[in-house]
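Numbering (our numbering), first residue to last: 2 to 123. Worksheet: one structure, shown below.
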Amino acid sequence: MTLNDAQGSTYTCNKAYLIDDTAMDLLCDAQILTTHLTLTGQDVGYLCSLSISGGRNVALKQRAVQSSDYNNIYIADKAVDGNRNTDIGQNSCTRTNDPDAQPNWNVKFSNIKLVNRYVLFN
């Protein structure tokens, strides 16, 4: 997984810890001050929830977009709505088109945030 900040710098977050069969905790070596971030990688094509910076989820209810939408139900905002249900049939997840050669997902923060950790729920 890679993370891009508002200045265009790219960071690789390769400390991945599988929490269970639906959740992955990723830690970045750098602490990044940014107003938005973009996640890129195959795991981004399907997200149910995303928590950024561990403790308090700074992504909650922020504006989100993704590289493509599978349909008008699986939109990017589903990853930051606070619903961690991983059952796609409950309309609680995002999904990009299939195929999407380079799926990515982006969140825009209301102000500058310090980011060094994110947790994906798939």
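Cβ coordinates follow ideal geometry from the N, Cα and C atoms, glycine included.
Going straight from the alpha carbon of residue i to that of residue j, what length do you get?
i, j, result
"Gly9", "Cys49", "26 Å"
"Lys16", "His37", "21 Å"
"Asp78", "Met25", "19 Å"
"Leu19", "Ala102", "25 Å"
"Thr97", "Asn86", "18 Å"
"Asn123", "Asn92", "13 Å"
"Ser68", "Val81", "16 Å"
"Ala65", "Asn58", "14 Å"
Measure the beta-carbon distance from residue i to residue j and round it to whole angstroms, keeping in mind my assumption that it falls under 8 Å.
i, j, result
"Ser131", "Val120", "Shown here, the chain extends from 2 to 123; a query on residue 131 therefore has no answer."
"Thr41", "Asp6", "Actually they do not touch by this definition, with Cβ atoms about 13 Å apart."
"Asn84", "Thr39", "Contact flag wrong, Cβ pair sits at about 22 Å."
"Arg118", "Leu61", "Their Cβ separation, rounded to whole angstroms, is 15 Å, which puts Arg118 and Leu61 out of contact at 8 Å."
Going by DSSP in three states, residue i sits in which element: helix, strand or coil?
i, result
"Ile74", "coil"
"Gln91", "helix"
"Ser69", "coil"
What span of residues does the beta strand (DSSP E) with residue i cover, start to end?
i, result
"Lys79", "Taken as a continuous stretch (DSSP letters only), Lys79 belongs to no beta strand (DSSP E), as it is neither H nor E."
For residue i, which of the options has the nearest alpha-carbon?
i, options, result
"Asn73", "Val108, Pro100, Thr95 and Val81", "Thr95"
"Asp63", "Ile113, Arg118 and Tyr12", "At residue 63 the sequence reads Gln, which differs from the Asp that was named. Here the closest residue by C-alpha is Ile113."
"Pro1", "Asp70, Thr11, Tyr12 and Val59", "Coverage of the chain is limited to positions 2 through 123, which leaves residue 1 absent and any answer about it impossible."
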